[in-house]
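Residues 595 to 800, numbered by this note's numbering, are exactly what the sequence shown covers, in order. Every residue gets a Cβ at the ideal spot worked out from N, C-alpha and C, and that includes glycine. Keep in mind that this is a model prediction, so the values were computed, not measured.
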Amino acid sequence: MAVINHETREVSFKLVYCGTPMGGKTTNLNHIHSRIAPGQRGDLITLATSGDRTLFFDFLPVHTMVINGYRTKFMLYTVPGQVQFNATRQMVLRGVDGIVFVADSQLDRMEENVTSLHGLRRNLEENGLSLDTMPAVLQLNKRDLPAVAPVPYLEYLLNSGARRLPVFQAAASGGHNVFATLNALAQGVLRLFHQHTSPPRPGVPV
Ligand SMILES: Nc1nc2c(ncn2[C@@H]2O[C@H](COP(=O)(O)OP(=O)(O)OP(=O)(O)O)[C@@H](O)[C@H]2O)c(=O)[nH]1
Ligand SMILES: [Mg+2]
595 MAVINHETRE
605 VSFKLVYCGT
615 PMGGKTTNLN
625 HIHSRIAPGQ
635 RGDLITLATS
645 GDRTLFFDFL
655 PVHTMVINGY
665 RTKFMLYTVP
675 GQVQFNATRQ
685 MVLRGVDGIV
695 FVADSQLDRM
705 EENVTSLHGL
715 RRNLEENGLS
725 LDTMPAVLQL
735 NKRDLPAVAP
745 VPYLEYLLNS
755 GARRLPVFQA
765 AASGGHNVFA
775 TLNALAQGVL
785 RLFHQHTSPP
795 RPGVPV
């Protein structure tokens, strides 16, 4: 849930990259960190890794525009993809404002994609949230690799819920569509925030 600090005149939103083990969540944050000027972001904090596996989470704060005198900040997190770290995923998801689900497009990763998505839905439900209503986008990553599943098949498996999520085909290791994914989610989160904070217009029933 957005955190508003009236003293520092800041609004911050929590965006969490979830998804398939080794799907490219940390790679998204690495790319964002490498392309944003240091004055507009904090340090990328990676808490505990083994090889390139995330064992706890990654965290990157990104400052964006000033709206109505309030500086807007997006706190980007990744969760660990490995099945055994579900308690950590649940903890990182607390207070989430928006989700990127990073799927691995490789044909031999379909079962892991589906399992991971089910786990995310369950974790969100336990927090009283749902992918069918909250700001969320689906990133089909690793499109640069040769043995990838066709997009319609991935959509059939991962995006046939009550609501169709915006989809981005990406290759995060080369940066392709990493910012498009982030921008779409940021816009969704801001749109919802303004809907909830705008005063009702005269004559419009609430
Ligand atoms: N070819 C290719 N490799 C990628 C891409 N994105 C990530 N990788 C590679 O996939 C591996 C796993 O990427 P990570 O970003 O660590 O994946 P993760 O989702 O954070 O993994 P966990 O934290 O263990 O869940 C690394 O070797 C990356 O370099 C991509 O778009 N294309
Ligand atoms: Mg990771």
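So what's residue 743 in DSSP terms, helix, strand or just coil?
Counting from one through the sequence shown, the residue named residue 743 turns up at place 149. Of the three classes helix, strand and coil, the one that applies to residue 743 here is coil, per DSSP.
Between residue 771 and ligand 1, is there a pair consisting of the residue's CB and a ligand heavy atom that are separated by less than 7 Å?
Sequence index remark: in the sequence shown, residue 771 carries index 177 (1-based). Every heavy atom of ligand 1 is 7 Å or more from the Cβ of residue 771, so no.
Between the alpha carbons of residue 751 and residue 660, how many angstroms are there, rounded?
Sequence index remark: in the sequence shown, residue 751 carries index 157 (1-based). Sequence index remark: in the sequence shown, residue 660 carries index 66 (1-based). Distance between the alpha carbons of residue 751 and residue 660: 39 Å.
Any chance the region 630-650 sits against the region 722-730, with 3 or more Cβ pairs inside 8 Å?
Because the criterion of three Cβ pairs below 8 Å is not met, the region 630-650 and the region 722-730 do not touch.
Give me every residue whose Cβ sits closer than 6 Å to any heavy atom of ligand 2, in chain order.
Residues flagged by the Cβ proximity filter: 619, 620, 648 and 672.
So, is residue 626 buried or exposed, given that buried needs 16 or more other C-beta atoms within 10 angstroms?
On the sequence shown, residue 626 is found 32 positions in, with the first residue counted as 1. Buried is the call here.
Could you spell out the range, first to last residue, of the beta strand (DSSP E) harbouring residue 554?
A question about residue 554 goes unanswered here, because the residues of the chain that appear run from 595 up to 800.
By Cβ distance below 7 Å, which residues in the same chain neighbour residue 721 in space, the five residues on each side in sequence not counted?
To locate residue 721, count along the sequence shown from 1; it is residue 127. Here the set comprises 687 and 688.
Which residue's Cα is closest to the Cα of residue 696: 637, 786, 672 and 791?
By 1-based counting over the sequence shown, the position of residue 696 is 102. Residue 672 is the option with its Cα nearest to residue 696.
For a minimum of 4 consecutive residues, which ranges assigned as the alpha helix (DSSP H) are wholly contained in the region 661-709?
If we require 4 residues or more, the alpha helix (DSSP H) runs fully inside the region 661-709 come out as 680-687.
Could you say which of 665, 771, 619 and 606 lies nearest to residue 707 if we only look at CA atoms?
In the sequence shown, residue 707 corresponds to position 113, counting from 1. Nearest of 665, 771, 619 and 606 to residue 707, Cα basis: 619.
Is residue 799 helix, strand or coil by DSSP?
Here residue 799 corresponds to residue number 205 of the sequence shown, with the count starting at 1. Annotation note: pLDDT 44 at residue 799 (below 50); position unreliable, coordinate value reported separately. Coil at residue 799, not helix or strand.
Verify the contact flag: residue 805, CB atom, against every heavy atom of ligand 1, threshold strictly below 7 Å.
Residue 805 falls outside the range modelled here, since the chain spans only 595 to 800, and no answer is possible.
What do you reckon, is the C-beta of residue 765 under 7 Å from a heavy atom of ligand 1?
Start at 1 with the first residue of the sequence shown, and residue 765 comes out as number 171. Yes, the Cβ of residue 765 comes within 7 Å of a heavy atom of ligand 1.
Considering only their Cβ atoms, is the gap separating residue 610 from residue 693 smaller than 8 Å?
As a first step, residue 693 must be located in the sequence shown, where it is residue number 99. As a first step, residue 610 must be located in the sequence shown, where it is residue number 16. It is a contact, given that the beta carbons lie within the stated cut-off.
Does DSSP put residue 754 in a helix, in a strand, or in coil?
For the purposes of this step, residue 754 is taken as the residue at position 160 of the sequence shown. DSSP places residue 754 in coil when its eight states are reduced to three.
So, does the region 660-670 touch the region 597-612, judging by three or more C-beta pairs under 8 Å?
Yes, the region 660-670 is in contact with the region 597-612.
Alpha carbons only, please: which of 599, 601, 615 and 600 is nearest the one belonging to residue 711?
Counting from 1 along the sequence shown, the entry for residue 711 is found at position 117. When each option's Cα is compared against that of residue 711, the closest is 615.
Round the Cβ separation of residue 822 and residue 753 to the nearest angstrom and send it over; I've been treating them as touching at under 8 Å.
Only positions 595 to 800 of the chain appear in this structure, which leaves residue 822 out of reach.
Look up residue 626 in the DSSP assignment and say whether it is helix, strand or coil.
Position 32 of the sequence shown, counted from the start, is the residue given in the question as residue 626. Residue 626: helix per DSSP, three-state reduction.
Considering only residues of the same chain and omitting the five flanking positions on each side of residue 591, which have a CB-CB separation below 6 Å?
Because the chain in this structure spans residues 595 to 800, residue 591 falls outside the shown range and cannot be described.
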